[in-house]
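Chemist: One structure, pasted below without further comment.
Chains as they are written, first to last, in the numbering used here: chain A, 26 to 489; chain B, 26 to 489.
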């Protein structure tokens with residue numbers, strides 16, 4: 026392994042200006058958004074085309090040097106952060122929307138397009154690309170697919186996986202799999218794209234994707250509701266689904282503690298309700314027809330039956346945006362306030378109330394000073410069940426973090442849930458996997474890895 | 026390989042009455058619905074539980090005997106038909122709905138449940154299981170998943186793949202993978218269920234599935250429309266999606282020739298339109314709110330602009346069912362009339378008109394006596410583009426069939442399409458795959474097969 030030689034070849038492949046080796050210029054690529062993981066790669070390479078990505082990966086295979094693909098570097102589990110010594114392959118320059126086919130409700134975007142760029146290309150064609158999450162201005166579609174991102178509208182439109190019609194992937198040996206189909210149905214053998222989606226770059230590098238688009242909703246209704254309990258919130262979702270079917274686009278839960286952090290860190294944002302219910306719901310319905318009357322009717326019944334304590338229906342786009350602002354500021358508000366222990370669990374919707382009751386109680390028994398900052402996506406059974414401590418040292422106390430995490434994860438596991446609903450595994454949860462996956466499932470995963478990346482050079486130390 | 030010995034062990038595993046070896050009793054399992062494939066298995070084994078399936082597969086692995094899993098035996102590509110000498114493993118006795126979780130919008134069904142049984146279990150819980158296809162009274166959910174079945178409501182709800190939350194699978198060595206999660210989001214490593222869905226039993230045997238349910242639509246609107254061209258039909262779908270968004274549940278295309286076959290074979294069925302447009306559309310919209318006014322408005326505009334030549338909106342459930350009867354009788358009517366060459370292609374929706382124009386012209390040039398009987402699912406770009414001949418000998422002339430099939434498939438391929446949209450590969454299209462898949466893609470598929478079924482005993486001679 027002569028790294029000098031590899032660097033020379035890489036510079037030939039992508040141009041000398043696109044191979045970074047200086048500590049300062051590599052620094053932003055070497056740590057994650059939350060500053061929890063750090064590593065110094067051998068170099069940062071910034072190819073501009075699929076052919077250049079393929080050449081870089083070929084060279085890495087020839088030199089036996091590991092590769093870490095990186096998009097917007099907004100991941101929360103260290104999946105895109107180097108551990109040290111790898112070639113960090115940034116996909117930022119593969120940022121073209123290659124084509125839009127409005128009649129087919131599809132487009133093809135390169136991996137380095139930000140999610141917002143993809144959304145905009147769809148909008149420009151009179152269509153909707155529904156994937157939506159807080160980091161969408163920076164996160165890239167390649168990373169969204171590599172981590173099977175979820176976000177705000179999964180309840181209606183599915184995860185990133187369900188929005189992909191086809192992929193172009195550079196395989197660990199540098200060959201390019203051209204799988205950019207744009208079909209809703211294709212049953213010609215194993216659906217290979219499924220293997221690469223959610224694999225966090227450990228099986229190959231997604232360089233472009235063919236994506237599903239939807240009709241733009243002509244009518245959107247946004248509302249903020251208060252409720253006394255999670256059981257009431259789950260029952261409310263059932264009433265709404267019964268009433269307006271699949272028009273429920275988002276149904277976000279916000280614990281009062283999470284809202285208080287936002288209010289504290291962003292005092293300019295206005296709170297929608299006068300009272301302080303234990304739980305808040307941000308509801309969005311959207312579709313081709315006005316649904317105000319029906320939704321208002323369901324909400325009125327819910328108030329009458331006590332499921333909802335208070336409600337505000339947005340009467341303008343500005344008011345709807347102000348409600349969403351509250352939801353979207355939660356991660357940043359938490360970050361500003363200080364370190365917290367983040368969890369990203371999911372359980373069946375029918376077990377959400379039980380999960381929170383059991384986890385709250387178990388944590389308070391062990392850590393009387395804990396504050397649970399909980400928010401999430403009720404329709405997906407997915408909670409960001411985060412833990413804050415008055416004493417900032419607590420949240421970085423490795424032993425405390427491990428004990429608290431095991432409590433939360435064990436309860437999720439007992440209720441048929443998962444320890445990572447939408448953030449993936451990365452470095453953060455790699456060790457934890459062995460606690461919650463059967464040896465058989467882990468061995469199947471390893472067999473897949475071995476069959477596609479026998480050299481083990483794709484994003485090592487992540488996921489598996 | 027002492028087969029007598031294997032039979033003894035199998036009888037011990039499932040009970041002697043559940044191992045069939047007589048020619049007569051095995052006959053129904055040895056041929057497919059269309060009577061195109063025949064094979065005599067070593068025996069038919071009918072386990073009743075997952076543990077029994079596991080034991081049977083273990084024994085087959087130990088004896089090196091291939092296994093063919095079979096559900097309702099309604100496949101159209103010979104994927105569930107034995108070639109000869111295998112253990113045919115019928116899943117018909119694994120027919121329990123294990124649990125229904127209405128609040129989580131999910132249920133767990135065993136592989137041998139008919140699709141209709143699953144639909145009924147959902148209905149009984151006030152929910153909808155939307156997968157729907159002509160053979161639903163006989164086809165089993167295990168087979169639906171093994172072939173990633175499509176059907177009538179894919180446009181709105183997705184293929185079988187998108188409806189699966191988790192699987193239980195007996196692996197080729199007889200181990201059981203317990204992956205029956207009921208989560209909308211779970212990003213903990215490779216999504217193994219995706220590998221088994223659509224694999225046609227070549228990687229393992231699905232014994233149970235956790236399935237997604239939806240809200241029952243409270244309002245359904247069914248209509249029958251006439252149009253002059255496929256371009257008009259595609260434009261009409263765009264208008265409807267713009268107008269009512271995702272409420273379009275089904276948008277079925279029926280060529281006038283296909284309707285004529287139904288009328289001829291089932292003269293009691295009433296045709297909805299007085300005229301004879303070139304193309305018919307069976308439209309279904311459904312949702313939580315009445316949509317009659319909006320849909321009527323869209324249809325009226327479409328009549329005005331000439332996209333639609335004539336329209337009937339069903340005014341009763343009986344009338345809606347009568348319209349669906351016409352659509353659902355197409356396969357049986359074709360079968361009664363005689364052999365036809367069936368195709369199951371898909372292209373991007375934007376290329377449907379071009380596909381039909383090019384394929385019609387190319388076929389007529391080669392076979393002036395051909396009659397194209399075309400129907401399909403416009404929202405999925407999926408056409409059953411079938412060929413009938415006045416002279417019945419034509420449809421069984423292997424050379425003619427191959428030439429006609431290549432014409433159809435080549436054009437689909439050139440337009441970015443697929444040679445199997447929803448029927449799978451089975452035995453029928455195994456050889457054809459090599460013409461339309463890159464060697465790289467085939468080698469990736471083989472690598473997957475090798476890593477999970479190194480002995481090659483799972484449904485050999487199918488798919489790969």
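For every residue, glycine included, the Cβ atom is placed at its ideal position computed from N, Cα and C.
Between which two residues does the alpha helix (DSSP H) containing residue 85 (chain A) stretch?
Modeler: Its alpha helix (DSSP H) spans residues 75-88.
Chemist: Going along chain B, which residues have a C-beta under 9 Å from residue 203 (chain A)?
Modeler: Correct list: 463, 465 and 466.
Chemist: Helix or strand or just coil, what does DSSP make of residue 98 (chain B)?
Modeler: Looking at residue 98 (chain B) - three-state DSSP - the assignment turns out to be coil, as it is neither helix nor strand.
Chemist: Tell me the DSSP bridge mates of residue 247 (chain A)?
Modeler: A:309, per the DSSP bridge assignment.
Chemist: Alpha carbon to alpha carbon, how far is residue 199 (chain A) from residue 87 (chain A)?
Modeler: Cα-Cα distance, rounded: 10 Å.
Chemist: Quick check: the region 303-312 of chain B against the region 240-252 of chain B, are there 3 or more CB pairs under 8 Å?
Modeler: Touching, yes, given that three or more Cβ pairs across the two stretches are closer than 8 Å.
Chemist: Does any residue of chain B have a CB that is nearer than 8 Å to the CB of residue 197 (chain A)?
Modeler: False, the Cβ-Cβ gap to chain B never drops below 8 Å.
Chemist: Assign residue 289 (chain A) to one of two classes, buried (16 or more other C-beta atoms within 10 Å of its C-beta) or exposed (fewer than that).
Modeler: Exposed, by the Cβ-count rule.
Chemist: Between the C-alpha atoms of residue 275 (chain A) and residue 257 (chain A), what's the straight-line distance to the nearest angstrom?
Modeler: The straight-line gap from Cα to Cα measures roughly 17 Å.
Chemist: Taking 8 Å as the cut-off, does the region 373-384 of chain A touch the region 325-340 of chain A (at least 3 CB pairs, one atom from each stretch)?
Modeler: At 8 Å Cβ cutoff, the stretches do not touch.
Chemist: Is residue 209 (chain A) helix, strand or coil when you go by DSSP?
Modeler: In this structure, residue 209 (chain A) counts as coil in the three-state DSSP scheme.
Chemist: Please report how far the alpha carbon of residue 416 (chain A) lies from the alpha carbon of residue 69 (chain A), in whole angstroms.
Modeler: If you take the alpha carbons of residue 416 (chain A) and residue 69 (chain A), they lie about 38 Å apart.
Chemist: Residue 7 (chain B) and residue 270 (chain A): beta carbons closer than 8 Å?
Modeler: Outside the modelled stretch of chain B, which goes from 26 to 489, sits residue 7 (chain B), for which no answer is possible.
Chemist: Taking a contact to mean a Cβ-Cβ separation below 8 Å, would you say residue 284 (chain B) touches residue 351 (chain B) in this structure?
Modeler: Yes, the Cβ-Cβ distance between residue 284 (chain B) and residue 351 (chain B) is below 8 Å.
Chemist: When burial is assigned at 16 or more other CB atoms within 10 Å of the CB, is residue 37 (chain A) buried or exposed?
Modeler: Classification of residue 37 (chain A): exposed, given that the 10 Å Cβ count is below 16.
Chemist: Taking DSSP's pairing of strands, which residues face residue 409 (chain B) in a bridge?
Modeler: Beta-bridge pairing links residue 409 (chain B) to B:400.
Chemist: Skipping 5 residues on each side, what residues in its chain have a beta carbon closer than 6 Å to that of residue 108 (chain B)?
Modeler: The answer, listed in chain order, is 64 and 486.
Chemist: Give the range of the alpha helix (DSSP H) segment to which residue 490 (chain B) is assigned.
Modeler: Given a span of 26 to 489 for chain B in the structure shown, any question on residue 490 (chain B) remains unanswerable.
Chemist: Return the CA-CA distance between residue 295 (chain A) and residue 205 (chain B), expressed in angstroms with no decimal places.
Modeler: The alpha-carbon atoms of residue 295 (chain A) and residue 205 (chain B) are separated by roughly 43 Å.
Chemist: Tell me the rounded alpha-carbon separation between residue 317 (chain A) and residue 340 (chain B).
Modeler: For residue 317 (chain A) and residue 340 (chain B), the distance between alpha carbons rounds to 26 Å.
Chemist: Pick out the complete beta strand (DSSP E) segments inside the region 269-350 of chain B, 3 residues or longer, and give them in chain order.
Modeler: With a minimum length of 3 residues, the continuous beta strand (DSSP E) runs that stay inside the region 269-350 of chain B are 273-280, 304-312 and 335-338.
Chemist: Counting only the same chain and skipping the five closest in sequence on each side, list residues whose C-beta sits under 6 Å from that of residue 461 (chain B).
Modeler: Within the same chain, residue 461 (chain B) has close Cβ partners 438 and 444.
Chemist: Looking only at DSSP bridge pairs, what is residue 68 (chain A) linked to?
Modeler: Paired residue(s): A:112.
Chemist: Let me see if you follow: with CB-CB separation under 8 Å, is residue 141 (chain A) close to chain B or not?
Modeler: No - not a single Cβ of chain B is within 8 Å of the one on residue 141 (chain A).
Chemist: Below 8 Å on C-beta distance, what does residue 210 (chain B) contact in chain D?
Modeler: Reference to chain D is not applicable here, since the protein chains of this structure are A and B.
Chemist: Could you pull the DSSP bridge partners for residue 192 (chain B) from this structure?
Modeler: According to DSSP, which records beta bridges pairwise, residue 192 (chain B) is partnered with B:204 and B:234.
Chemist: Does any residue of chain A have a CB that is nearer than 8 Å to the CB of residue 259 (chain B)?
Modeler: For residue 259 (chain B), the answer is yes, since a Cβ of chain A falls inside 8 Å of its Cβ.
Chemist: Determine the closest residue to residue 342 (chain A) out of A:281, A:272, A:245 and A:450, with distance taken between C-alpha atoms.
Modeler: Minimum Cα distance to residue 342 (chain A) is reached at A:245.
Chemist: Assign residue 367 (chain B) to buried or exposed, taking buried as 16 or more other Cβ atoms, counted over all protein chains shown, within 10 Å of its Cβ.
Modeler: With 16 or more other Cβ atoms within 10 Å, it is buried.
Chemist: Applying a beta-carbon distance threshold of less than 8 Å, which residues of chain A neighbour residue 80 (chain B)?
Modeler: The contacting residues do not exist; residue 80 (chain B) stays about 17 Å from chain A at best.
Chemist: Does residue 315 (chain B) pass the burial test, meaning 16 or more other C-beta atoms within 10 Å, or should it be called exposed?
Modeler: Residue 315 (chain B) is exposed by the Cβ-count criterion.
Chemist: Counting only Cβ pairs nearer than 8 Å, list the residues of chain B close to residue 100 (chain A).
Modeler: Under the 8 Å cutoff, chain B gives no residues; its nearest Cβ is about 11 Å from residue 100 (chain A).
Chemist: With distances taken from CA atoms, which of A:195, A:338, A:297 and A:184 is nearest residue 209 (chain B)?
Modeler: Among A:195, A:338, A:297 and A:184, the Cα nearest to that of residue 209 (chain B) belongs to A:184.
Chemist: Going by beta carbon distance, what residues of the same chain come within less than 7 Å of residue 44 (chain A), once the five residues before and after it are set aside?
Modeler: Excluding sequence neighbours, residue 44 (chain A) sits near 32, 35, 36, 68 and 70.
Chemist: Could you tell me the alpha carbon to alpha carbon distance between residue 216 (chain B) and residue 195 (chain A), rounded to whole angstroms?
Modeler: So the alpha carbons of these two residues sit roughly 20 Å apart.
Chemist: Listed in chain order, which residues of the region 267-282 of chain B have Cβ atoms closer than 7 Å to some Cβ of chain A?
Modeler: Those would be 267, 268, 269, 270, 271 and 272, in chain order.
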